[in-house]
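Trainee:
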Amino acid sequence: MSIIVILAPFSLALALLGLAAFWWTLRNDQYEDPQGDASRILIEDPEDRPL
Amino acid sequence: MALTEGEARTWAGTPPDEGVGGPDLSAYLTETGPGGRRLDLLVSGAHCAACIARIEGELAGTPGVASARLNLSTGRLAVGLEPEGDPGQVVRALDRIGYPATPYDPDSARQAQDREGRELAMALAVAGFGAGNAMIFSVPVWAGLFGQELGPATRTFMQWASAGVGAPCAVFAGMVFFRSAWKALRAGRANMDVPISIGVILTLVVSFQETLLMGRDTYFDAAVTLLFLLLIGRWMDHALRRRARSAAADLLALQAPSAVLLAEDGTERMSPLRLVRPGDRLRVRPGERVPVDGVVETGESEIDNALLTGETTPQPVHPGVTCRAGALNLTGLLTLRAEAACEDSTLARIARLVESGAQSRSTYVQLADKAAAIYVPVVHTAAALTCVIAWMLGIPVREAVLRAATVLIVTCPCALGLAVPAVQVAAASRLFRRGVLVKSGAGLERLAEADHVAFDKTGVLTEGRPRLLNADPADIARAAPLARASSHPLARALAEAAGEGPAATGAIEIAGQGIEARATTGLMRLGRAAFVGAPLSGNQTELWFRDADGALFRFAFADALRPEAVGLAAALAGRGLSASILSGDVEAATLRVAGRMGIPDWRAGLTPQGKVEALDDLKAAGRRVLMVGDGLNDVAALSHAHVSMAPGTALDASQSAADLVYPADHPERIAEAIDTARAARRRAMENFAFAALYNLVAGPAAMLGFVNPFVAALAMSGSSLVVTLNALRLLNGGGR
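Chains as they are written, first to last, in the working numbering: chain D, 207 to 257; chain Y, 3 to 738.
See below:
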């Protein structure tokens, strides 16, 4: 049972990491323009040549 | 009222012969730091990645632009300008590549930031985190309830862990409810948030006490799950209101609540409407609306008062004539001297009528609040009784209080909290796909109750613009080249009837009179009777044409009935709704439309006040009236009616007074919206019935002490799920 002492905080830490990531995306205006963000990946960058 | 092309494109593009670079836009800039300024624009026509690349690429090459970022979801473009950057140049660059842009009032741009939505999203995320992770520790405890091996020490450890995760999350996520409950209590009222807050706080306190005393039952996970489910409902409700609000704000910006001020030296400057003062000189181009009441100083033109009075015949104006705010300038360039600031013009008088209407409507009690009014006292009495009776029966106080808390938790208002928002979001999404915008859930509820529809005529049942009546095709063909060269609405209607073809070359338009062109054999003229040299005739909307040989032709026009509107009265009657027409237009025009529609109950020549009185008469007769209107003369009526709808081309004032906005060329969707609203009410009632049934089982079970934390968690999530799934049935058009 003593494994719980390690696993429980570990699983909590992982979940907190997810929560912090969500908080960051929210603060970073990442939900302001879902359509635009989906489209921008299709824009061809003229300087985008293979290396 | 159909928007003319000139109107939709608002003011962009000054005629080149004026020799100025367009109006000054500096009133629309926001300071963003030393030397930096931002211009917020609403861009129309951007739909795809190529549009983003085109717009941002074009602006990157425009001198004075530091940055440009287009939000494709909202159509808003934020342009960062260097100190020497010219905002007018930005707009002209956009216009040149085919994306007409309108400046946003900085105030409304700031309002667009959705602070409340972020708070809710964060609270929702924390509650979700708390619900999931507190449950990790609750599951072993639940297992212990069913005879699995679990020592008291391990159980207490699990309970403390559950408390450590659940309690802070519940306090953070619960703040939304605590704040609102506190505000309500201080105002001496009780809303749905009061029992939620009491339930959550009591549950947390009792659970801590149980943990300290090494008790068996704690409800940390239940408290935070409860908040999680309730926040989903809150968030859906917010998302619905936000979408409607931003769509309405965009329309508002597109209709340019701005004026072009003319300085003494002849330079033009764009100004937000609220900064216009009496005595300012204003320039109104053809196709623009008169921004505030004013007297014509220079220029001849015709103005269209359809939105103000419902009258479709254009009125000629010349220096000295007063134009009222909202009138559409049709033909000539006008310079006005403002007579009133926008707060005390014709608009403001109507706005006061609107306010009184909004007050009378605020007495409407929403379904969810009606349910809460029954739910709250019943559940709280039950919880208090449980505590007292259990104690009198000799159960220890601690156990008695725990039972009372269980009653509050199990009869949780989750199902109630989700019952209505879930239904309204589903109904609004279904209508949104059909182009109908629901501005508030309450509007949807009131729409379901409507039993009478009052229509405005112009722009709602008719197209709000002239159509050529019957004429000889040969005559049309003769006048067509000249008509194609003109921007006058009547000439355009004639050109439309003629179809594609060549336009007259070298045509000269004379403002307020007509258009002329020199042919090989003589002068051709198209315009008003006096201009062409024809005898002045009746009161019908007409256009005269004189060909090169001097022969005269007369073309008559009328505001045509929308073909989709013809079956509307019958469709409404089939749904048990009666209909009437309340029009500000003359009797003959109204009678013609009423006859075609098959609506025997009509009134013509009504003032805005008259429309309100007509609605009051209907209300006194016990009818619940849906008012459909688009004009400024309808705004007061829209806000006085039980529920109101406006077409998407209506004035901004009408759209903000209306509960729902529908696509103007699809009036038949009014009936569809009523169907959906009724289906939504049925779904909501079913949800309430289910929630009541659930509480009738769960409540007594909790009072008798049969409920443990595991059962509570199952019951709570289960009931919320059922309610939500029932609401989702609306999405596929179910519920007919």
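Glycine residues also receive a C-beta, built at the ideal position from the N, C-alpha and C atoms. Please read all numbers here as calculations on a predicted model, not as lab measurements.
#1: Strictly below 7 Å CB to CB, what residues from chain D border isoleucine 138 of chain Y?
#2: For glycine 581 of chain Y and leucine 640 of chain Y, I'd like the C-alpha separation in whole angstroms.
#3: Check whether the Cβ atoms of arginine 746 of chain Y and valine 297 of chain Y lie closer than 8 Å to each other.
#4: Can you give, in chain order, each stretch of the beta strand (DSSP E) that sits fully within the stretch 65-149 of chain Y and has at least 3 residues?
#5: Which residues in chain D have a C-beta closer than 7 Å to the C-beta of leucine 74 of chain Y? List them in chain order.
#6: Who are the neighbours of phenylalanine 131 of chain Y on chain D, taking C-beta pairs under 7 Å?
#7: Please tell me whether valine 167 of chain Y has its Cβ less than 8 Å away from any Cβ of chain D.
#8: Between methionine 238 of chain Y and the rest of its own chain, which residues show a CB-CB distance below 7 Å, the 5 nearest in sequence each way excluded?
#9: Just the Cα atoms here: how many angstroms apart are alanine 103 of chain Y and glycine 77 of chain Y?
#10: Less than 8 Å between CB atoms is the rule here; does isoleucine 212 of chain D satisfy it with respect to chain Y?
#11: If we cut at 8 Å on Cβ distances, does tryptophan 229 of chain D have a partner in chain Y?
#12: Between isoleucine 249 of chain D and chain Y, is any beta-carbon pair separated by less than 8 Å?
#13: I'd like to check one pair, serine 431 of chain Y with leucine 41 of chain Y: are the Cβ atoms closer than 8 Å?
#14: If you draw a straight line from the C-alpha of isoleucine 478 of chain Y to the C-alpha of threonine 543 of chain Y, how long is it?
#15: Assuming the contact rule is C-beta atoms closer than 8 Å, alanine 133 of chain Y and phenylalanine 210 of chain Y should be a hit. Round their C-beta distance to whole Å, please.
#16: Within 10 angstroms of its Cβ, does glutamate 589 of chain Y collect 16 or more other Cβ (buried), or is it exposed?
#17: Under the criterion of a Cβ to heavy atom distance below 7 Å, does leucine 387 of chain Y qualify as lining the ligand PLP?
#18: Strictly below 8 Å CB to CB, what residues from chain D border glycine 134 of chain Y?
#19: Give the straight-line distance between the Cα atoms of cysteine 53 of chain Y and glycine 119 of chain Y, rounded to the nearest whole angstrom.
#20: Counting contacts by CB-CB distance shorter than 8 Å, is methionine 216 of chain Y in contact with chain D?
#21: Listing by chain order, which chain D residues have their CB less than 8 Å from the CB of valine 173 of chain Y?
#22: Have a look at glutamate 86 of chain Y and threonine 32 of chain Y and give me their C-alpha separation to the nearest angstrom.
#23: From valine 627 of chain Y to arginine 244 of chain Y, what distance separates their C-alpha atoms?
#24: Let me check understanding here. Comparing Cα to Cα, which of Y/Ala666, Y/Glu502, Y/His642, Y/Ala729 lies closest to alanine 659 of chain Y?
#25: Alpha helix (DSSP H) containing methionine 526 of chain Y: first to last residue?
#26: Could you pull the start and end residues of the alpha helix (DSSP H) that aspartate 243 of chain D belongs to?
#27: With a threshold of 8 Å between beta-carbons, can isoleucine 54 of chain Y be considered close to chain D, or not?
#28: Which residues of chain D have a Cβ atom closer than 9 Å to the Cβ of cysteine 50 of chain Y, listed in chain order?
#29: For the stretch 178-192 of chain Y, enumerate the residues whose C-beta is nearer than 7 Å to any C-beta of chain D, in chain order.
#30: Please classify methionine 599 of chain Y as buried or exposed, where buried requires at least 16 other C-beta atoms within 10 Å of its C-beta.
#31: Which chain D residues are close to valine 422 of chain Y, counting only those with a beta carbon under 9 Å from its beta carbon?
#32: With a threshold of 16 other CB atoms inside 10 Å of the CB of arginine 530 of chain Y, please say whether the residue is buried or exposed.
#33: Using only CA atoms, which one of Y/Ala386, Y/Leu593, Y/Phe148 lies nearest to leucine 584 of chain Y?
#34: Measuring straight from C-alpha to C-alpha, what distance separates threonine 227 of chain Y and glycine 190 of chain Y?
#35: Buried or exposed for phenylalanine 708 of chain Y, please, with buried defined as at least 16 other CB atoms from any protein chain shown within 10 angstroms of its CB.
#36: Within this structure, are the beta carbons of valine 323 of chain Y and tyrosine 664 of chain Y separated by less than 8 Å?
Mentor: Walking through what the data contain:
#1: Ser217
#2: The amino acid at residue 581 of chain Y is misidentified as glycine; the sequence shows alanine. If you take the alpha carbons of alanine 581 of chain Y and leucine 640 of chain Y, they lie about 15 Å apart.
#3: With chain Y covering only 3 through 738, there is no way to say anything about residue 746 of chain Y.
#4: 67-73, 78-83, 103-105
#5: Asp239, Gln241, Gly242, Ser245
#6: Ala221, Leu225
#7: yes
#8: Pro423, Ala424, Val427
#9: 10 Å
#10: no
#11: yes
#12: yes
#13: no
#14: 16 Å
#15: About 18 Å separates the two Cβ atoms, so there is no contact after all.
#16: exposed
#17: Of ligands this structure carries none, so the ligand PLP is not represented either.
#18: Ala221
#19: 28 Å
#20: no
#21: Going along chain D, no residue has its Cβ under 8 Å from valine 173 of chain Y, so there is no contact; the nearest lies around 15 Å.
#22: 15 Å
#23: 26 Å
#24: Y/His642
#25: Careful: methionine 526 of chain Y lies outside any alpha helix (DSSP H), inside the beta strand (DSSP E) at 525-529.
#26: 240-246
#27: yes
#28: Ser245, Leu248
#29: none
#30: buried
#31: Here the premise fails: no neighbours, minimum Cβ distance about 25 Å.
#32: buried
#33: Y/Leu593
#34: 29 Å
#35: exposed
#36: no
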